[in-house]
Amino acid sequence: MQIAPVSDADPAVAIVRAAARASLQSLHDELVLARRAARLALDALPTTSLDWLGGASLAFVERAAILRRDLQAVRDPLVAAVAATAAELA
Amino acid sequence: MTTTAWSPSVGADLVAMLDDADVELERAHGILRARTVPVVAQSSPAAARGVLHAVALADEAEVACAQARARLAEVRSAVAFAAWSYTTSEQLASAAIETLGGVVATGLGTLVLGGLLLSVAALPANLPGILLAAGLAQTPVPDVLLDAAARVLAPLAPMLPDLLSDPAFVDALALAIESADEALAGLAGLGLAQPLEPLPSQRGADDEALSTGAGVALALALVATGHAPRLPGASPTRAAETATPPAVQPPIGSYGTAFERLSADGPAIEVQRYEHPDGSVVWQVLARGTESFAVDDPSTAYDLTANVENAANAAGRPLVGSAAAVEQALVAAGAQEGDVVQLFGYSQGGAAVAAAAAYGRFAVDTVVTFGAPIGATPVGDATTAVAVQHDSDLVAALGGRHGGDRIVIEASPDLDALTTTRYDPDGQPLADVAVGGHHPEAYADTAARLDVADDDLVEVAWVEVTAATDGALPTTATGFAVERPGQP
Chain A
1 MQIAPVSDAD PAVAIVRAAA RASLQSLHDE LVLARRAARL ALDALPTTSL DWLGGASLAF
61 VERAAILRRD LQAVRDPLVA AVAATAAELA
Chain B
91 MTTTAWSPSV GADLVAMLDD ADVELERAHG ILRARTVPVV AQSSPAAARG VLHAVALADE
151 AEVACAQARA RLAEVRSAVA FAAWSYTTSE QLASAAIETL GGVVATGLGT LVLGGLLLSV
211 AALPANLPGI LLAAGLAQTP VPDVLLDAAA RVLAPLAPML PDLLSDPAFV DALALAIESA
271 DEALAGLAGL GLAQPLEPLP SQRGADDEAL STGAGVALAL ALVATGHAPR LPGASPTRAA
331 ETATPPAVQP PIGSYGTAFE RLSADGPAIE VQRYEHPDGS VVWQVLARGT ESFAVDDPST
391 AYDLTANVEN AANAAGRPLV GSAAAVEQAL VAAGAQEGDV VQLFGYSQGG AAVAAAAAYG
451 RFAVDTVVTF GAPIGATPVG DATTAVAVQH DSDLVAALGG RHGGDRIVIE ASPDLDALTT
511 TRYDPDGQPL ADVAVGGHHP EAYADTAARL DVADDDLVEV AWVEVTAATD GALPTTATGF
571 AVERPGQP
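As they're listed, the protein sequences go chains A and B. FYI, in our numbering the residues of the first sequence are 1 to 90. FYI, in our numbering the residues of the second sequence are 91 to 578.
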């Protein structure tokens, strides 16, 4: 990462950089937790292929598929965001 | 193949899963809304761009999260409403069908009685009285009566092979079985004088009605085959340990494995014991299909008599038929109160394990059946029960329509596409013989399809089964034949 993990010669710069690194680390940790929750949400989403609800079954299967895409749309940017923050922290 | 399914808790199950998803989504949303704003001061331009890119992605996720939560709430409401509508309409339809079924069955019984009476005009009018008298006197059914029955049924004979696998006929049969009390009333000449049963339906009494019908059927079957009539259980069955035990097997954990084991050669009843490191025990019992379709077969009590006796089981009475043998097998193998008990059965075996779970002494955790006549058999509160059946399966229909807290999975196999590889008694292959809806080949195909159905609700039973057996090691396997020691 371009934010130096050690203090610069200028103490003020070093403090700011340390704060920047700490804030990025916090964001990274939060994104990891959000990514995990998004994955658990996807796992919890019911999958079904059988006719359980009579005429409403097909509609449910279709809406569940849309919902799955919605949740994937939450998880995908989180996966990328975690990777981006990790790269900056590395 | 199409597959329909019914679970009394399907709406609640789906809503619960959606709620679980929403809890996690809410957590993600909360984290994203309150997330840290990173500092980019004193960062290089490249580092600042990288951080801002991550922030933009987090913003995107937050917006998507809000949208997904709104959509999830919509789907949740739709599922709850659909499940309520489906359940309500199903209950209304069932009530209507049962009322109509009562009328039809009463009429059918009266019609059969009328037809028989016309055919045997020389006989006294009270046909059931004759049957009863014949039974009590332990004399054969009068030939003229059998001739009359043959004349009534003769026109149906050419149509029977197709008719017996026709889903509409099978459904009608299940309805007739459910309305057995009305049919018997009609047969007794009482139906038209009786008021219709009021709504709501009388499902709670179905097993009692079927039990009574089974008692009558057993007496008739015994008399018709030259045996002395007796009540179900009057000649008790016994589980007798086989000299050669079955192989110790890993626990069953899927529809395919369950049916593969049930349709393999082996003793009528097989008990497998599994033990966890902490000493807790899980039992898996397999009850296979009927060994003989003879009445009171001297070589096995896993026969037609036991089939009929299984239907005679009801609350508050000792177990009879092969259901009694299932319970005896568990006791003989060493099962104790508090052990986890999982039962699997096909055909007669399914009826035996369902009755043992409903009316027996052991608290049964899971019951999975294939092609079993168990519609009228109730399910205990602590039991997860799954019935796999075919809409063309006459045997499954003999148990009546399902009404309890059982997950019912009903498939429509393409019978023309399935052939049997079994052999006739002379050892000749039964090649290219289309199989009926009850045959093992059809259920093996359905079980394999269910395993890849990607349906959480279909997997409910296996989640419980495998959770109980995970980490448990197989210890012993015991086989049991079913005998009838008191049989004359």
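Just so it is clear, CB atoms sit at the ideal spot from N, CA and C, and this is done for glycine as well.
Next on the checklist: So residue 115(B) contacts chain A; which residues on that side make the cut at Cβ distance below 8 Å?
Outcome noted: In chain order: 37, 38, 41, 71 and 74.
Item to check | Three-state secondary structure assigned by DSSP to residue 100(B) | outcome: Three-state result, residue 100(B): helix.
Checklist entry - Should residue 167(B) go down as buried or exposed, given a rule of 16 or more other Cβ atoms within 10 Å for buried? => result Counting the other CB atoms within 10 Å of its CB gives residue 167(B) a total below 16, which places it among the exposed residues.
Checklist entry - Any idea if residue 96(B) is buried or exposed, counting beta-carbon neighbours within 10 angstroms, 16 or more meaning buried? => result Result: buried.
Next on the checklist: Which of the three DSSP states is assigned to residue 287(B) in this structure?
Outcome noted: Annotation note: pLDDT 43 at residue 287(B) (below 50); position unreliable, coordinate value reported separately. Here residue 287(B) sits in coil by DSSP.
Next on the checklist: Can you check whether the C-beta of residue 97(B) is within less than 8 Å of a C-beta belonging to chain A?
Outcome noted: Judged by the 8 Å Cβ criterion, residue 97(B) is in contact with chain A.
Checklist entry - Taking just the CA atoms, how far does residue 377(B) sit from residue 452(B)? => result If you take the alpha carbons of residue 452(B) and residue 377(B), they lie about 16 Å apart.
Item to check | Proximity test, Cβ basis, 8 Å: residue 62(A) and chain B | outcome: Cβ-Cβ to chain B under 8 Å: no for residue 62(A).
Next on the checklist: Alpha carbons only, please: which of 149(B), 344(B) and 162(B) is nearest the one belonging to residue 121(B)?
Outcome noted: Cα-wise, what sits closest to residue 121(B) is 149(B).
Checklist entry - Considering only C-alpha positions, which residue in the set 461(B), 472(B), 541(B) and 573(B) is nearest to residue 529(B)? => result The shortest CA-to-CA distance from residue 529(B) to any of 461(B), 472(B), 541(B) and 573(B) is the one to 461(B).
Next on the checklist: Judging by CA-CA distance, which residue of 327(B), 109(B), 130(B) and 534(B) is the nearest neighbour of residue 419(B)?
Outcome noted: Each of 327(B), 109(B), 130(B) and 534(B) was checked against the Cα of residue 419(B), and the nearest Cα belongs to 327(B).
Checklist entry - With distances taken between CB atoms, is the gap from residue 323(B) to residue 399(B) smaller than 8 Å? => result Cβ distance < 8 Å, so residue 323(B) and residue 399(B) count as in contact.
Next on the checklist: Based on DSSP bridge pairs, tell me the residues matched to residue 119(B).
Outcome noted: None, per the DSSP bridge assignment.
Checklist entry - From which residue to which residue does the alpha helix (DSSP H) around residue 425(B) run? => result Careful: residue 425(B) lies outside any alpha helix (DSSP H) and carries neither H nor E.
Checklist entry - Bridge partners of residue 570(B), per DSSP? => result DSSP output for residue 570(B) lists 331(B) and 359(B) as bridge partner(s).
Item to check | Within chain A, partners of residue 544(B) - CB distance below 7 Å | outcome: Those within 7 Å of residue 544(B) in chain A are 47 and 49.
Item to check | Cutoff 8 Å: residue 58(A) Cβ touching any chain B Cβ | outcome: Taking CB atoms only, residue 58(A) has no neighbour in chain B less than 8 Å away.
Item to check | Burial state of residue 565(B), where buried means 16 or more other Cβ atoms lie within 10 Å | outcome: Residue 565(B) is exposed by the Cβ-count criterion.
Item to check | Pairwise C-alpha distance: residue 394(B) and residue 438(B) | outcome: Roughly 9 Å between the two C-alpha positions.
Checklist entry - Is residue 143(B) close to chain A, meaning its C-beta is less than 8 Å from at least one C-beta of that chain? => result Residue 143(B) counts as touching chain A.
Checklist entry - Considering only the beta carbon of each residue, do residue 497(B) and residue 555(B) sit closer than 8 Å? => result For residue 497(B) and residue 555(B), no; Cβs fall outside 8 Å.
Checklist entry - Apart from the five residues on each side of it in sequence, which residues of its chain come closer than 7 Å, Cβ to Cβ, to residue 145(B)? => result Listed in chain order, the non-local C-beta contacts of residue 145(B) below 7 Å within the same chain comprise 128, local neighbours out to five positions each way being set aside.
Next on the checklist: Measuring only the C-alpha atoms, how far is residue 115(B) from residue 147(B)?
Outcome noted: For the pair residue 115(B) and residue 147(B), the Cα-to-Cα distance works out to about 17 Å.
Next on the checklist: Starting from residue 395(B), trace the alpha helix (DSSP H) in both directions and tell me its first and last residue.
Outcome noted: Where residue 395(B) is concerned, the enclosing alpha helix (DSSP H) stretches over 394-401.
Next on the checklist: For residue 10(A), count the other beta carbons within 10 Å of its own beta carbon; 16 or more makes it buried, fewer makes it exposed. Which is it?
Outcome noted: By the neighbour-count criterion, in which 16 or more other beta carbons inside 10 Å mark a residue as buried, residue 10(A) falls on the exposed side.
Checklist entry - Between the Cα of residue 405(B) and the Cα atoms of 126(B), 469(B) and 352(B), which residue gives the shortest distance? => result Nearest to residue 405(B) by alpha-carbon distance, out of 126(B), 469(B) and 352(B), is 469(B).
Checklist entry - Do residue 567(B) and residue 338(B) come within 8 Å of each other at the CB atom, strictly closer than that value? => result Contact flag set, yes.
Next on the checklist: So, under 8 Å CB-CB, residue 480(B) and residue 501(B) are touching, yes? Tell me the CB distance rounded to an integer number of Å.
Outcome noted: With a beta-carbon spacing of about 6 Å, residue 480(B) and residue 501(B) fall inside the 8 Å limit used to define contacts.
Item to check | Per-residue contacts from residue 77(A) into chain B (C-beta, under 8 Å) | outcome: Taking the beta carbon of residue 77(A) as reference, the chain B residues within 8 Å of it are 147, 148, 150, 151 and 154, listed in sequence order.
Checklist entry - Can you name, in chain order, every residue of its own chain whose Cβ lies under 6 Å from the Cβ of residue 527(B), other than the five neighbours on each side? => result The residues are 255, 480, 482 and 483.
Item to check | Residue span of the beta strand (DSSP E) that contains residue 373(B), given as start and end | outcome: Residues 371-377.
Item to check | For residue 480(B), three-class secondary structure by DSSP | outcome: Secondary structure at residue 480(B): strand, using DSSP grouped into helix, strand and coil.
Checklist entry - Of all the options 570(B), 537(B) and 113(B), which has the alpha carbon lying nearest to the alpha carbon of residue 156(B)? => result Considering only alpha carbons, the answer is 113(B).
Next on the checklist: Just to confirm the assignment, what range does the beta strand (DSSP E) spanning residue 432(B) have?
Outcome noted: It spans 430-436 - the beta strand (DSSP E) in which residue 432(B) sits, taken as one unbroken run.
Next on the checklist: Whole angstroms are fine: how far does the CA of residue 442(B) sit from the CA of residue 585(B)?
Outcome noted: Missing from the structure shown is residue 585(B); chain B here goes from 91 to 578 and no further.
Checklist entry - Any Cβ of chain B within less than 8 Å of the Cβ of residue 9(A)? => result Judged by the 8 Å Cβ criterion, residue 9(A) is not in contact with chain B.
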